[in-house]
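Participant:
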Amino acid sequence: AVKTWEDRIGQKIFNVTEDFTRASELPTKDGKSAIYFLSSWEADRMSEQGRTSIYWAGDQIMEADIRINAQNFSYYDQDPKQLVYPSGTVHAMAGEDGYNFEALILHELGHFLGLKHTASSGSVMVTHLASYTDRITPSEVDAQNVQCVYR
34 AVKTWEDRIG QKIFNVTEDF TRASELPTKD GKSAIYFLSS WEADRMSEQG
84 RTSIYWAGDQ IMEADIRINA QNFSYYDQDP KQLVYPSGTV HAMAGEDGYN
134 FEALILHELG HFLGLKHTAS SGSVMVTHLA SYTDRITPSE VDAQNVQCVY
184 R
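Our numbering numbers the first residue of the sequence shown as 34 and each following residue consecutively.
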């Protein structure tokens, strides 16, 4: 998802590193941007698939945390017939809905880049990701919107 946005924008804008030393399983303002799979989610937001929180200091982003709703949704990576659960286990699909993890992260990174939800068909920034939808390429509208910020 990071490479997809950088290719679309035409420049490197993310610095991705792996750090598994988090002290907390829940998002905290610790100066580290991270992706969290949460097995509990707010009861009044059960249909929300993910959420990005951005913390600023002046005009600089200090941290951006992406929360993934793993309580109410199952995700797949490459193979839509194999769903990955919060425990990390992989199961063959058994009649339940699966959601493309790359598409969800692409959408949440769009928020990190400053994009809002849109009703534009084909956009990765459409509010909800339908099950088994591989929306993994930013649309022309997405590209125009992000280029307004980064060009």
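C-beta atoms are modelled at their ideal positions from N, C-alpha and C, and glycine is treated no differently.
Distance check for A90 and T37, CA to CA, integer angstroms please.
Facilitator: Taking the straight line from one Cα to the other gives about 27 Å.
Participant: In chain order, what residues of the same chain lie with their CB nearer than 8 Å to the CB of G131, ignoring the 5 residues before and after it?
Facilitator: S107, Y108, Y109, P113, L116, S164, Y165.
Participant: Using C-beta distances below 7 Å, list every residue in its chain close to N102, excluding the 5 sequence neighbours before and after it, in chain order.
Facilitator: So the list reads L71, W74, E81, Q82, G83, once near-sequence residues are dropped.
Participant: If we call anything under 8 Å between Cβ atoms a contact, is D98 one with Y69?
Facilitator: Taking 8 Å as the Cβ cut-off, D98 and Y69 qualify as a contacting pair.
Participant: So who's on the other strand from L71, going by DSSP bridges?
Facilitator: N102.
Participant: Residue range of the alpha helix (DSSP H) that A136 falls in?
Facilitator: Segment 134-145, the alpha helix (DSSP H) holding A136.
Participant: To which residues of the same chain is I87 closer than 7 Å at the C-beta, ignoring the five residues directly before and after it?
Facilitator: Around I87: I94, A97, F145.
Participant: Comparing C-alpha positions only, which one of H161, D167, S156 sits nearest to Q177?
Facilitator: Nearest option by C-alpha distance: S156.
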